[in-house]
Amino acid sequence: MARSGTMVKSMAKSRMMQKTLFLLLGLIFLLPAAVTRAQPVVVSNTAVPDYPQSVTFTLELAEGSDVVDVELTYAVEQISCLPAAASVPVELDGNRAEWTWEMVRSGNPPPGAKMWWEWTLTTADGQTITTPRQDLTFSDDRFNWRTLQDGKITLHWYDGDEVGPLLLDAAVAGLQTLENDMGITLEQPAQLFIYGDSADMRDAVLYIQDWAGGVAFGEYNVILIGVPPNIAESWGVPTVRHELAHLVVGQYGRSCIGGHRPTWLNEGLAVYAEGDPTDILQDLEPALANNSFDPLRSLSGSFPAHDMAASIAYAQSYSVVDFMLSEYGPEKMQILLQLLVQGEEYDAALEQVYGFNVDGLELAWRAQMGLPPRDIPPTPTPVLAANIPTLEPQGAPQTVPTPAAAAATAVPAANPPAQTSTGVCGLGLIPLFLIGFIFSHKAKRKKS
Numbered sequence: 025m026a027r028s029g030t031m032v033k034s035m036a037k038s039r040m041m042q043k044t045l046f047l048l049l050g051l052i053f054l055l056p057a058a059v060t061r062a063q064p065v066v067v068s069n070t071a072v073p074d075y076p077q078s079v080t081f082t083l084e085l086a087e088g089s090d091v092v093d094v095e096l097t098y099a100v101e102q103i104s105c106l107p108a109a110a111s112v113p114v115e116l117d118g119n120r121a122e123w124t125w126e127m128v129r130s131g132n133p134p135p136g137a138k139m140w141w142e143w144t145l146t147t148a149d150g151q152t153i154t155t156p157r158q159d160l161t162f163s164d165d166r167f168n169w170r171t172l173q174d175g176k177i178t179l180h181w182y183d184g185d186e187v188g189p190l191l192l193d194a195a196v197a198g199l200q201t202l203e204n205d206m207g208i209t210l211e212q213p214a215q216l217f218i219y220g221d222s223a224d225m226r227d228a229v230l231y232i233q234d235w236a237g238g239v240a241f242g243e244y245n246v247i248l249i250g251v252p253p254n255i256a257e258s259w260g261v262p263t264v265r266h267e268l269a270h271l272v273v274g275q276y277g278r279s280c281i282g283g284h285r286p287t288w289l290n291e292g293l294a295v296y297a298e299g300d301p302t303d304i305l306q307d308l309e310p311a312l313a314n315n316s317f318d319p320l321r322s323l324s325g326s327f328p329a330h331d332m333a334a335s336i337a338y339a340q341s342y343s344v345v346d347f348m349l350s351e352y353g354p355e356k357m358q359i360l361l362q363l364l365v366q367g368e369e370y371d372a373a374l375e376q377v378y379g380f381n382v383d384g385l386e387l388a389w390r391a392q393m394g395l396p397p398r399d400i401p402p403t404p405t406p407v408l409a410a411n412i413p414t415l416e417p418q419g420a421p422q423t424v425p426t427p428a429a430a431a432a433t434a435v436p437a438a439n440p441p442a443q444t445s446t447g448v449c450g451l452g453l454i455p456l457f458l459i460g461f462i463f464s465h466k467a468k469r470k471k472s
């Protein structure tokens, strides 16, 4: 009887152990499911551009979501010394949030530029979740674009069968000129969008001058030009080479420590890259005959606003750069550009490389051109170059480029919020306790 009672007690303990085991195993499988159900479910997450006016971001969550706050973070990918993104708290309307970036307030990125966005969700218990980052590429869908590529150059166009191949060849030839004559190469891929006319191009860019026939967005490595097919060779070819030179020199001479290139140097290098200087020399001849050049130092900032004066400024800039390259060689030009990248003031950089400042350069150039020396003020004041997009006029310039609207206030991109621990990983220890419990129970049974 005593032995029978002992067996009954043992069987009861065994059944109790089995129930405990099933209960613990159930917890292992049920708790992760409960945790998963607690996560907010994103039904849709979209960004719809209305180019070039706006981008509308929409987030929709599943019914029953316990999200109480949402914040949108977005940024346009561009070359910048400091990464930046904009963060915007967005009001929830039930399980839906929507916010529109009105680019009329900030200016729009060009076609071909890319942007990314993500949402940060905060639940009622304070947990934060960041949605996977998504991106889109801006496009001007008014036209059916065709595309050609050669090396690092991608050219998009839609009007005129021969326009694309002709201008792509011009771009490649311009790069070859820069490499052969200056030792400067294109470091990052560039995109060119060739519109059928300047009006179509200007409609793709907010805050652009009425006279602009082309614009180079150095921070995006994108060029837009309006080229009617009937002047693709006479005007499109030199303009493509001019604007591409701005990108190449900009990449080579990009600085985050305050260095800048005077406008006469920028424009002189770009005109040099156009190749055939026939038109420029035509503007140069009457200015030489009349000695009607502005002081070179005055061309460090914005060029003159009047048609003839502006044409002479471009011609003078080209002539000075051509003089520097032919008289002193491309190596010194490369050293000059690199000193400017390092933040050196351009007078001091010229002194280090050539042994004279900008006034001395002008006197040397004037002597080489057969012009009388110009009286130099004893204490010249440098004029800083304007930090503006490079614009190419269609025909002679009719006004001076002015800065676009100020960019939207941006805040540094925050690190993605740390995910609140769910405690699921700790559940992995439960099987170890169960195994130990089973072996302990078997050992006790053997002793019994």
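Heads up: the sequence shown begins at 25 in my numbering, then just goes up one per residue.
We put the beta carbon where it would ideally sit given N, CA and C, even for glycine.
Complete runs of the beta strand (DSSP E) confined to the segment 266-321 [at least 3 residues]: none
Might you give, ordered along the chain, the residues of its own chain that have their beta carbon closer than 8 Å to the beta carbon of residue 256, omitting 5 neighbours on each side? Taking the first residue of the sequence shown as position 1, residue 256 is located at position 232. Excluding residues within five positions, the ones whose Cβ falls inside 8 Å are 184, 186, 187, 190, 191.
One question on the structure: do residue 365 and residue 279 come within less than 8 Å of each other, judged by their Cβ atoms? Numbered from its first residue, the sequence shown carries residue 365 at position 341. Numbered from its first residue, the sequence shown carries residue 279 at position 255. The answer is yes: Cβ separation under 8 Å.
Could you name the residues of the same chain whose beta carbon sits closer than 7 Å to that of residue 225, not counting the 5 residues immediately before and after it, in chain order? Indexing the sequence shown from 1 puts residue 225 at position 201. So the qualifying residues of the chain are 219, 248, 249, 250.
Flag this pair as touching only if the segment 284-300 and the segment 362-376 have three or more C-beta atom pairs under 8 Å; answer yes or no. Yes, the segment 284-300 touches the segment 362-376.
From the DSSP output, which residues share a beta bridge with residue 200? Here residue 200 refers to the residue found at position 176 of the sequence shown. According to DSSP, which records beta bridges pairwise, residue 200 is partnered with nothing at all.
Count the other C-beta atoms from every protein chain shown that fall within 10 angstroms of the C-beta of residue 231, then say buried if there are 16 or more, exposed otherwise. For this step, residue 231 is matched to residue 207 along the sequence shown. The residue is exposed, with fewer than 16 neighbouring Cβ atoms inside 10 Å.
Please classify residue 193: does DSSP put it in a helix, a strand, or coil? Counting from 1 along the sequence shown, the entry for residue 193 is found at position 169. Three-state result, residue 193: helix.
Who are the near neighbours of residue 201 in its chain, counting only those whose CB is closer than 7 Å to its CB and skipping five residues on each side? Within the sequence shown, residue 201 is the residue found at index 177, counting from 1. Excluding positions up to five away in sequence, the list reads 297, 299.
First through last residue of the alpha helix (DSSP H) which encompasses residue 349: For the purposes of this step, residue 349 is taken as residue 325 along the sequence shown, with counting starting at 1. From DSSP, the alpha helix (DSSP H) with residue 349 extends over 331-352.
What number of angstroms, rounded off, separates the C-alpha of residue 349 from the C-alpha of residue 156? Counted from its first residue, the sequence shown places residue 349 at position 325. Counted from its first residue, the sequence shown places residue 156 at position 132. It is roughly 51 Å from the alpha-carbon of residue 349 to the alpha-carbon of residue 156.
In this structure, does DSSP put residue 355 in helix, strand or coil? Your numbering for residue 355 matches position 331 in the sequence shown. Three-state DSSP puts residue 355 in a helix.
Starting from the Cα of residue 166, find the closest Cα among 176, 222, 227, 112 and give me that residue. Taking the first residue of the sequence shown as position 1, residue 166 is located at position 142. It is 227.
Count the other C-beta atoms from every protein chain shown that fall within 10 angstroms of the C-beta of residue 340, then say buried if there are 16 or more, exposed otherwise. In the sequence shown, residue 340 corresponds to position 316, counting from 1. Counting Cβ neighbours within 10 Å, residue 340 comes out buried, since at least 16 surround it.
Sequence-distant residues of the same chain with beta carbon closer than 6 Å to residue 403, five excluded per side: Locating residue 403 in the sequence shown gives position 379, where the first residue counts as 1. Here the model assigns residue 403 a pLDDT of 49, short of 50, so the residue's position is not dependable, and the following value carries that caveat. Hits under 6 Å: none found.
Identify the residues that DSSP records as bridge partners of residue 78: which are they? For the purposes of this step, residue 78 is taken as the residue at position 54 of the sequence shown. Answer by DSSP bridge pairing, in chain order: 74, 126.
What do you reckon, are the CB atoms on residue 76 and residue 127 nearer than 8 Å? Locating residue 76 in the sequence shown gives position 52, where the first residue counts as 1. Locating residue 127 in the sequence shown gives position 103, where the first residue counts as 1. Yes, the pair counts as a contact, with Cβ atoms nearer than the cut-off.
Tell me which same chain residues have a C-beta within less than 8 Å of the C-beta of residue 434, skipping the five on either side of it? Reading the sequence shown from its first residue, position 410 is the one you call residue 434. Because the pLDDT at residue 434 is just 30, under 50, the model does not fix this residue reliably, and the value given afterwards should be weighed accordingly. Cβ neighbours of residue 434 beyond the five flanking positions: 99, 108, 109, 110.
Is residue 106 buried or exposed, if buried means 16 or more other CB atoms sit within 10 Å of its CB? Residue mapping note: residue 106 aligns to position 82 of the sequence shown, counting from 1. Result: exposed.
As assigned by DSSP and simplified to three states, the class of residue 258: Here residue 258 is taken as the residue at index 234 of the sequence shown, counted from 1. Looking at residue 258 - three-state DSSP - the assignment turns out to be helix.
Is residue 253 helix, strand or coil when you go by DSSP? Numbered from its first residue, the sequence shown carries residue 253 at position 229. Correct three-state label for residue 253: helix.
Just how far apart, CA to CA, sit residue 354 and residue 401? Your numbering for residue 354 matches position 330 in the sequence shown. Your numbering for residue 401 matches position 377 in the sequence shown. Using only the alpha carbons, I get a separation of about 30 Å.
Presumed contact (8 Å Cβ cut-off) between residue 289 and residue 393, rounded CB distance: Here the question's residue 289 lines up with position 265 in the sequence shown. Here the question's residue 393 lines up with position 369 in the sequence shown. In fact, because the Cβ distance is near 18 Å, the residues do not count as touching under 8 Å.
Which full runs of the alpha helix (DSSP H) of 4+ residues lie inside the segment 355-393, going along the chain? 370-378, 382-392
With 16 other Cβ atoms within 10 Å as the buried cut-off, status of residue 264: Residue mapping note: residue 264 aligns to position 240 of the sequence shown, counting from 1. A residue is called buried once 16 or more other Cβ atoms fall within 10 Å of its Cβ, and residue 264 is buried on that count.
Rounded to the nearest angstrom, what separates residue 123 and residue 137 at their Cα positions? Counting from 1 along the sequence shown, the entry for residue 123 is found at position 99. Counting from 1 along the sequence shown, the entry for residue 137 is found at position 113. Roughly 21 Å between the two C-alpha positions.
I'd like to check one pair, residue 385 with residue 395: are the Cβ atoms closer than 8 Å? Start at 1 with the first residue of the sequence shown, and residue 395 comes out as number 371. Start at 1 with the first residue of the sequence shown, and residue 385 comes out as number 361. Contact: no.
Under 8 Å between the Cβ atoms of residue 337 and residue 327? Translated into positions along the sequence shown, residue 337 becomes position 313. Translated into positions along the sequence shown, residue 327 becomes position 303. A contact, by the Cβ cut-off of 8 Å.
Name the DSSP bridge partner or partners of residue 113? Within the sequence shown, residue 113 is the residue found at index 89, counting from 1. Residue 113 is bridged to 95.
Pull up the CB-CB distance for residue 93 and residue 146, whole angstroms please, since I reckon it's below 8 Å. Here residue 93 corresponds to residue number 69 of the sequence shown, with the count starting at 1. Here residue 146 corresponds to residue number 122 of the sequence shown, with the count starting at 1. Correct: roughly 4 Å between the Cβ atoms.
Residue closest to residue 125, alpha-carbon to alpha-carbon, out of 116, 208, 334, 97: Stepping through the sequence shown from its first residue, residue 125 is reached at position 101. With distances taken between Cα atoms, residue 125 lies closest to 97.
Run through DSSP, which three-state label would residue 4 get? The requested residue 4 is not part of the displayed model; the chain covers only 25 to 472.
Where does residue 205 sit, in a helix, a strand or coil, going by DSSP? The sequence position of residue 205 within the sequence shown is 181, counting from 1. Three-state result, residue 205: helix.
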